[in-house]
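Trainee: This is the structure I have questions about; it appears just below.
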Amino acid sequence: MIPNQHLMTYTLNSGIKGTVDLSSKQVQEWIKAYRIGSKFVTVVGKQYFGLNPELVADFKVHNEYSEQREHISMIQPVIVMERKAVDLDPLVEAYSQYKTFIQVECKCGASYIEESPHKRTKWSCKECNNIVFLDRKKGMVDTNAGKAWYMTNKYYVERQSN
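Residue 163, in the numbering used here, is where the sequence shown stops; the numbers in between run on with no holes.
This is how it looks when you write it as C-alpha cells:
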C-alpha cells in the first residue's frame, strides 16, 4: 500500500459494491463532490475513474486503522498508542473541511443557518416544522458561516423530478 492512499468502498443504490484506491487529496475531492452532488472524475493509476454521488447509497474510506487494513498493517506494524492527539489523521481533516450549510428562510419568519451532512432538496423548518425547498435558481448564498444552499417556502420554488 502506498503511503497517503486510502481504500474507499462504496455501495450503489442498486446494491452493487465497488472499491477504489484514492489519495488523501482525491478523498477530499470525493467528499466535496458527494456533499454538493456533483460528479466525481479522477485519475487512478493510469485509468480515469468516475462516480456519480447521486447513485451512491453509502461509502466508507478505510485507513491504516480500519479492520480491512489489519492484514496490511501486519507487514509494517503501526503502534497506535504512540500516535499523539495533535497528529490527526488526514481523513478527519478531509471530512471536516467540506461542511454543507443550508440557509433557511421560512414563511413563519424563521431565518437561520443549519449544517447538513450533504446537499438536500427539502428540509423542515425547526421553528414551525413546515417544509422549505432548495432554490436551485438562487443556488448558494454568502452567509457568516460561509457558502450555503438557499432553502425557502416564501415563494414557489421549481422542483426537479428525479
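Just so you know, even glycine gets a beta-carbon here, dropped at the ideal spot from N, CA and C. Treat the numbers as computed from the prediction; the structure is a model and nothing was measured.
Going by DSSP in three states, W150 sits in which element: helix, strand or coil?
Mentor: On the sequence shown, residue 150 is found 149 positions in, with the first residue counted as 1. Three-state DSSP puts W150 in a strand.
Trainee: Express the C-alpha separation of E159 and F166 in angstroms, rounding to a whole number.
Mentor: For residue 166 there is no data in the structure shown, the boundaries of the chain being 2 and 163.
Trainee: State the DSSP-derived secondary structure class of S15, mapped to helix, strand or coil.
Mentor: The count along the sequence shown starts at 1 and reaches residue 15 at position 14. It is coil, neither helix nor strand.
Trainee: Below 7 Å CB to CB, which residues in the same chain sit around Y49 once its five sequence neighbours on both sides are set aside?
Mentor: For the purposes of this step, residue 49 is taken as residue 48 along the sequence shown, with counting starting at 1. Contacts found: V42.
Trainee: Evaluate the contact criterion for the region 102–122 versus the region 146–157: three or more CB pairs, one atom per stretch, below 8 Å.
Mentor: Touching, per the Cβ criterion.
Trainee: Less than 8 Å between the CB atoms is what I'm expecting for V45 and V21, so what's the real figure, rounded?
Mentor: Here residue 45 is taken as the residue at index 44 of the sequence shown, counted from 1. Here residue 21 is taken as the residue at index 20 of the sequence shown, counted from 1. Yes, V45 and V21 are in contact; Cβ-Cβ is about 6 Å, under 8 Å.
Trainee: Using only CA atoms, which one of K148, L13, K26 and P118 lies nearest to H7?
Mentor: Here residue 7 refers to the residue found at position 6 of the sequence shown. H7 has its Cα closest to that of K26, out of K148, L13, K26 and P118.
Trainee: What do you reckon, are the CB atoms on H119 and Y35 nearer than 8 Å?
Mentor: Counting from 1 along the sequence shown, the entry for residue 119 is found at position 118. Counting from 1 along the sequence shown, the entry for residue 35 is found at position 34. Against a cut-off of 8 Å, the Cβ pair of Y35 and H119 comes out as a contact.
Trainee: Bridge partners for T122 per DSSP, in chain order?
Mentor: Residue 122 sits at position 121 when you count from the first residue of the sequence shown. BP columns for T122 are empty, so no partner.
Trainee: Using 10 angstroms around the beta-carbon of C129, count the other beta-carbons present and answer buried if the total reaches 16, otherwise exposed.
Mentor: Taking the sequence shown and counting its residues from 1, the one referred to as residue 129 is at position 128. That one is exposed.
Trainee: What are the residues that DSSP puts in a beta bridge with K155?
Mentor: Counting from 1 along the sequence shown, the entry for residue 155 is found at position 154. Per DSSP, none; premise fails for K155.
Trainee: Give me the Cβ distance between S24 and N5, rounded to the nearest whole Å; I'm assuming they're in contact under 8 Å.
Mentor: Position 23 of the sequence shown, counted from the start, is the residue given in the question as residue 24. Position 4 of the sequence shown, counted from the start, is the residue given in the question as residue 5. With 8 Å as the limit, S24 and N5 qualify as a contact, their Cβ atoms being about 6 Å apart.
Trainee: Round the Cβ separation of G38 and F102 to the nearest angstrom and send it over; I've been treating them as touching at under 8 Å.
Mentor: The residue you call residue 38 lines up with position 37 of the sequence shown. The residue you call residue 102 lines up with position 101 of the sequence shown. Going by Cβ atoms, the distance from G38 to F102 rounds to 14 Å, so no, they are not a contact pair.
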